[in-house]
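Undergrad: Residue numbering for the sequence shown follows the working numbering, starting at 2 and increasing by one per position.
Note that the Cβ used here is the ideal one computed from N, Cα and C, for glycine as well.
Here's a structure for you.
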Amino acid sequence: MSLSVPGYSPSFKKPPETLRLRRKRVRSLGAALLPGERPEPAPRRAALAAGLSLRPFPAAAAAAAGRGGGGGPATAGRNPFARLDNRPRASAESPDGPPRGQHEAPSPFLDFNQENDLLWEEKFPERAGVTELFQTSHVSLSESDIPSSESTELPVDWSIKTRLLFTSSQPFTWADHLKAQEEAQGVIQHCRATEITLPQSLQDPKLSTELRCAFQQSLIYWLHPAFPWLSLFPRIGADRKIAGKTSPWSNDETLQHILMSDWSVSFTSLYNLLKTKLCPYFYVCTYQFTVLFRAAGLAGNDVITALMSPTTRGIREAMKNEGIEFSLPLIKENGHEKKKTPGTSLGHGEEQAISDEDEEESLSWLKEMGVQDKIKKPDILSIKLHKEKNEVQVDHRPESVVLVKGTNTFTLLNFLINCKSLIATSGPQAGLPPTLLSPIAFRGATMQMLKARSINVKTQALSGYKDQFSLEITGPIMPHSLHSITMLLKSSQSGSFSAGLYTHEPTVVFNICPSVDKVLNKENIREELANCGLHPKTLDQLSQIPILGKSSLRNVEMSDYIYNWRS
Numbered sequence: 002m003s004l005s006v007p008g009y010s011p012s013f014k015k016p017p018e019t020l021r022l023r024r025k026r027v028r029s030l031g032a033a034l035l036p037g038e039r040p041e042p043a044p045r046r047a048a049l050a051a052g053l054s055l056r057p058f059p060a061a062a063a064a065a066a067g068r069g070g071g072g073g074p075a076t077a078g079r080n081p082f083a084r085l086d087n088r089p090r091a092s093a094e095s096p097d098g099p100p101r102g103q104h105e106a107p108s109p110f111l112d113f114n115q116e117n118d119l120l121w122e123e124k125f126p127e128r129a130g131v132t133e134l135f136q137t138s139h140v141s142l143s144e145s146d147i148p149s150s151e152s153t154e155l156p157v158d159w160s161i162k163t164r165l166l167f168t169s170s171q172p173f174t175w176a177d178h179l180k181a182q183e184e185a186q187g188v189i190q191h192c193r194a195t196e197i198t199l200p201q202s203l204q205d206p207k208l209s210t211e212l213r214c215a216f217q218q219s220l221i222y223w224l225h226p227a228f229p230w231l232s233l234f235p236r237i238g239a240d241r242k243i244a245g246k247t248s249p250w251s252n253d254e255t256l257q258h259i260l261m262s263d264w265s266v267s268f269t270s271l272y273n274l275l276k277t278k279l280c281p282y283f284y285v286c287t288y289q290f291t292v293l294f295r296a297a298g299l300a301g302n303d304v305i306t307a308l309m310s311p312t313t314r315g316i317r318e319a320m321k322n323e324g325i326e327f328s329l330p331l332i333k334e335n336g337h338e339k340k341k342t343p344g345t346s347l348g349h350g351e352e353q354a355i356s357d358e359d360e361e362e363s364l365s366w367l368k369e370m371g372v373q374d375k376i377k378k379p380d381i382l383s384i385k386l387h388k389e390k391n392e393v394q395v396d397h398r399p400e401s402v403v404l405v406k407g408t409n410t411f412t413l414l415n416f417l418i419n420c421k422s423l424i425a426t427s428g429p430q431a432g433l434p435p436t437l438l439s440p441i442a443f444r445g446a447t448m449q450m451l452k453a454r455s456i457n458v459k460t461q462a463l464s465g466y467k468d469q470f471s472l473e474i475t476g477p478i479m480p481h482s483l484h485s486i487t488m489l490l491k492s493s494q495s496g497s498f499s500a501g502l503y504t505h506e507p508t509v510v511f512n513i514c515p516s517v518d519k520v521l522n523k524e525n526i527r528e529e530l531a532n533c534g535l536h537p538k539t540l541d542q543l544s545q546i547p548i549l550g551k552s553s554l555r556n557v558e559m560s561d562y563i564y565n566w567r568s
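So this is what it looks like as structure tokens:
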């Protein structure tokens, strides 16, 4: 505890104070004791005053039971290994009052203890209820301190989700066993980018054909390459899942060349769709990093942007050598480094000049003292290694995210197509091209479906058992799918549901807010991206400036059509 209590030493570092309290025990408690009642030890009274939860003192409990009329049973013996905060109330305690022994504590200590209890519950969720543990089971302690927010719309989340788990008091049976006609209609609606608007609440969702078709429409995404026996997302850390699977291209260079040539055509097709604003965004997932390409108008930018994460010093140097201008949004410039404007990088000549200046300034103090000849100067290689240390420290971390803007994204496209390190040369993913994920069709793409299933379970309640309905969706869940599904559940579940969101961690950093030169007009964005294949409300959300930073949505709860989310 941050507030010290006189005479109480939880780490037993001040025994003299405890002894002084023991000497004054009879004097301080003599008037308050009843006949035949044994006084409590001073350390115990100090602990109670400090707000610690202790079991009732045996003698005090027995005396209290004797004063209670004699007919009531005495307090039963307690297991010494049981939780202290689960103890039964002593008969002398009032239901709303503090435990016996705390009546002497002054009011400032009581207020402080109440605040401490709240902080304790926030830092250690195991003391919370079972429901809270279920809802925040996958939220780390540091993330649980982030306050939740309420609004009618969710903030934009550019990370890729791997699993969504929705729970509600109303069943999700409408999402199961779609008819052949409903499935076909959902596919046609997706291909034609049909806009579906549902009423705020549906009386019987199971009988709503429009809802079921729209649900089918929201589960579709496009993938390249596609092999039915391989799961091509996620790619980072997927060696175990792919190991042992048939990969005829791993040792066949001719087949690898064919696959890479086909992939290059698909990648170029996607970029051309993005450039003409017929595709809102797409992902390039390699075994080392992920790249998010966004069309002009999304995330508050008026030009095409690309975010790459995580990166290494080697790949950043290769991008510089190719003339790609980029910035590291999460790396703050300091010292003698030149301040880089967003979307630009220092040229090789400029970096060399700055390096020479730093070297001269670092050794100038030796000349002032007149000992420059007596002290051995560090060689150029040592200085270079020392300066490169900071750059290497951010490798493979979220802070290494790279931002590319404007026409430099086209240069990045050519760089990725010709980059030899884009494809693994050994291991289970050897020779396998990166995965392309897109919300719309493109050349060489394969239509895929997110997997959805509803589960009904019985949960224990105060009055017995109650039905708990859940809907689980798995697969590479992109931002537009998350928004479309939540819009449908808003109508089908009458504005009341909760969700746990499981994120592909390497993509969390895509929620950072890059510098914005000017505020864009929403109406202009709608007109320019009207043919990108997204619902107008989804497009409005994706055009927002990201606010989540280096975090992502973890828990979402809707009550009375109001979102409450936690990141």
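#1: Look at the Cβ atom of residue 543, then the Cβ atom of residue 299, and state whether they are nearer than 7 Å.
#2: Buried or exposed: where does residue 560 fall if 16 or more other Cβ atoms within 10 Å of its Cβ makes it buried?
#3: For the beta strand (DSSP E) containing residue 468, name the first residue and the last one.
#4: Measuring alpha carbon to alpha carbon, tell me which of 164, 224 and 524 ends up nearest residue 444.
#5: Looking at residue 267: is its Cβ nearer than 7 Å to the Cβ of residue 417?
#6: Drop a sphere of 10 angstroms on the beta-carbon of residue 254, count the other beta-carbons inside from all chains shown, and report buried for 16 or more, exposed for fewer.
#7: Does the structure place the segment 399-407 close enough to the segment 233-242 that three or more beta carbon pairs sit under 8 Å?
#8: How would you label residue 516, buried or exposed, when you count the other beta carbons within 10 angstroms and need 16 or more for buried?
#9: Check the C-beta distance from residue 403 over to residue 306 and give it rounded, since I have them as a contact under 8 Å.
#10: Would you list the residues sitting across from residue 461 in a DSSP beta bridge?
#11: Evaluate contact between the segment 179-199 and the segment 471-483, counting only Cβ atoms and requiring at least three cross-stretch pairs below 8 Å.
#12: In the structure shown, what three-state DSSP assignment does residue 352 receive?
#13: Is the beta carbon of residue 472 less than 7 Å from the beta carbon of residue 167?
#14: How far does the beta strand (DSSP E) with residue 223 in it extend, from its first residue to its last?
#15: Let me confirm a value: residue 556 is counted as buried when at least 16 other C-beta atoms fall within 10 Å, else exposed. Which label applies?
#16: Contact between the segment 411-429 and the segment 310-327: three or more CB pairs below 8 Å?
#17: Flag this pair as yes or no: are the beta carbons of residue 512 and residue 151 separated by less than 7 Å?
#18: May I ask you to list the residues that DSSP assigns as paired with residue 394?
#19: Assess, as a yes-or-no matter, whether the segment 169-178 is touched by the segment 445-458 under the definition of 3 or more beta carbon pairs within less than 8 Å.
#20: Using the Cα positions of residue 541 and residue 221, report the straight-line distance between them to the nearest angstrom.
#21: CB residue 509 to CB residue 262, shorter than 7 Å?
#22: In chain order, what are the residue ranges of uninterrupted beta strand (DSSP E) at least 3 long that sit wholly in the segment 260-315?
#23: For residue 551, which residues from the same chain have a beta carbon less than 8 Å from its beta carbon, with the 5 sequence-adjacent residues on both sides left out?
TA: The short version:
#1: Between residue 543 and residue 299, the C-beta spacing is below 7 Å.
#2: By the neighbour-count criterion, in which 16 or more other beta carbons inside 10 Å mark a residue as buried, residue 560 falls on the exposed side.
#3: Residues 465-478.
#4: Checked all of 164, 224 and 524; the closest Cα to residue 444 is 224.
#5: It is not a contact, given that the beta carbons lie outside the stated cut-off.
#6: So residue 254 counts as exposed.
#7: Touching, no.
#8: Classification of residue 516: exposed, given that the 10 Å Cβ count is below 16.
#9: Between residue 403 and residue 306 the beta-carbon gap is near 11 Å, outside 8 Å, which marks them as no contact.
#10: Paired residue(s): 466.
#11: Under the three-pair Cβ rule at 8 Å, the segment 179-199 does not count as touching the segment 471-483.
#12: Caution applies to residue 352, whose pLDDT of 47 falls short of 50 and renders its modelled position unreliable; the model cannot decide the point.
#13: Yes, they are a contact pair.
#14: Counted as a single uninterrupted DSSP element, the beta strand (DSSP E) harbouring residue 223 occupies residues 221-225.
#15: Counting of Cβ neighbours within 10 angstroms places residue 556 among the buried residues, the total reaching 16 or more.
#16: Between the segment 411-429 and the segment 310-327 there are three or more inter-stretch CB-CB distances shorter than 8 Å, so the stretches are counted as touching.
#17: With contacts defined by Cβ atoms closer than 7 Å, residue 512 and residue 151 do not form a contacting pair.
#18: Residue pairing by DSSP leaves residue 394 without any beta bridge partner.
#19: With the cut-off at 8 Å, the segment 445-458 and the segment 169-178 touch.
#20: Whole-angstrom Cα-Cα distance: 20 Å.
#21: Taking 7 Å as the Cβ cut-off, residue 509 and residue 262 do not qualify as a contacting pair.
#22: Listed in chain order, the beta strand (DSSP E) elements of length 3 or more contained wholly in the segment 260-315 are 282-286, 291-295 and 306-310.
#23: Excluding residues within five positions, the ones whose Cβ falls inside 8 Å are 331, 399, 509, 510, 512 and 513.
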